[in-house]
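To start, the structure under review is shown below, and the notes come after it.
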């Protein structure tokens with residue numbers, strides 16, 4: 251299941267970044283959907299990194315080995 255989520259995330263991120271890069275080269279504005287998907291992916295990435303950082307800090311603070 252995790253593999254499918256990672257593949258979907260990677261494909262969406264690749265599409266958003268390549269589309270934004272191409273639009274920047276051509277000096278065109280990005281479509282609204284591209285911006286929205288980019289913001290959602292950015293928010294998900296930030297939330298996941300914050301959650302994993304808190305999880306790791308909790309493990310260090312309690313001295314326990316945490317496993318996923």
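In my numbering, the protein residues as written are 251 to 318. The C-beta atom is built at its ideal place from N, Cα and C for all residues, glycine as well. These figures come from a predicted structure and were not determined experimentally.
Span separating the alpha-carbon of residue i from that of residue j
{"i": "residue 262", "j": "residue 288", "result": "9 Å"}
{"i": "residue 258", "j": "residue 306", "result": "26 Å"}
{"i": "residue 280", "j": "residue 312", "result": "46 Å"}
{"i": "residue 276", "j": "residue 303", "result": "38 Å"}
{"i": "residue 301", "j": "residue 294", "result": "10 Å"}
{"i": "residue 297", "j": "residue 310", "result": "20 Å"}
Beta-carbon spacing of residue i, residue j below 9 Å
{"i": "residue 284", "j": "residue 269", "result": "yes"}
{"i": "residue 291", "j": "residue 266", "result": "yes"}
Helix, strand or coil at residue i [DSSP, three-state]
{"i": "residue 314", "result": "coil"}
{"i": "residue 282", "result": "helix"}
{"i": "residue 251", "result": "coil"}
{"i": "residue 277", "result": "coil"}
Distance cut-off 8 Å: residue i Cβ against heavy atoms of the ligand MG
{"i": "residue 309", "result": "Ligands in the displayed structure: none, and consequently the ligand MG is not present."}
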